[in-house]
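Trainee:
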Amino acid sequence: MIHLAQYMAHANDGDQRNESQKDLDAQKPGRFEAGQLHSHLANDSKDGRSIANRLESELSKNHDPEHNPDPNIPDKGQAPTELAKQHGNKPSKGAVIDEQIKLEEEAEVSLLPNLCLRKSTFSLF
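End of the sequence shown sits at 125 in the UniProt record's numbering; the numbers just go up one at a time, nothing left out.
1) Alanine 77 by DSSP, collapsed to three states: which one?
2) Under a three-way DSSP split, which group does glycine 48 fall into?
3) Contact check, glutamate 99 vs alanine 79 under 8 Å by CB: the rounded distance?
4) How is asparagine 53 classed by DSSP in three states: helix, strand or coil?
5) Going by C-alpha to C-alpha distance, which of Glu105, Ser57 and Gly30 sits closest to leucine 41?
6) From proline 91 to threonine 81, what distance separates their C-alpha atoms?
7) What are the boundary residues of the alpha helix (DSSP H) that includes lysine 28?
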């Protein structure tokens, strides 16, 4: 039993191993890939970006139809309960009511052209 303990002590001696500089350099990201995603805040006054870079980022946001400034705010075409379902949660009571109201309003709007035609057939003069 003692021999096994001695063997394990030598096998896992705990000595620090130095890696070559080539292996360490391979683990580092490239110079331009090293930046963190979303590290520049658009409204940060102390950010070192130039005015041209800020203007370019704002213009690219305006041209992108998929741009949503806050991912926790639902898109215009998205159902109010969809965001909670995407996160695996039960939608809140308010979101369910909002979705019902939205569906009712869409039904009313779809009937609106028919009502306008009926009103135009009646004249007061």
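A virtual CB, placed ideally from N, CA and C, is assigned to each residue, including glycine.
Just so we're clear, the structure is a prediction, and the values are computed from it rather than from any experiment.
Mentor: A quick look at the data gives this:
1) Looking at the sequence provided, one finds glycine at residue 77 rather than alanine. For glycine 77, the secondary structure class from DSSP, reduced to helix, strand or coil, is coil.
2) Reduced to three states, the DSSP call for glycine 48 is coil.
3) At roughly 5 Å, the Cβ-Cβ gap stays under 8 Å, so glutamate 99 and alanine 79 are in contact.
4) Helix at asparagine 53.
5) Selected option, being the one with the closest Cα: Ser57.
6) The alpha-carbon of proline 91 is positioned some 5 Å away from that of threonine 81.
7) DSSP places lysine 28 outside any alpha helix (DSSP H), giving it a letter other than H or E.
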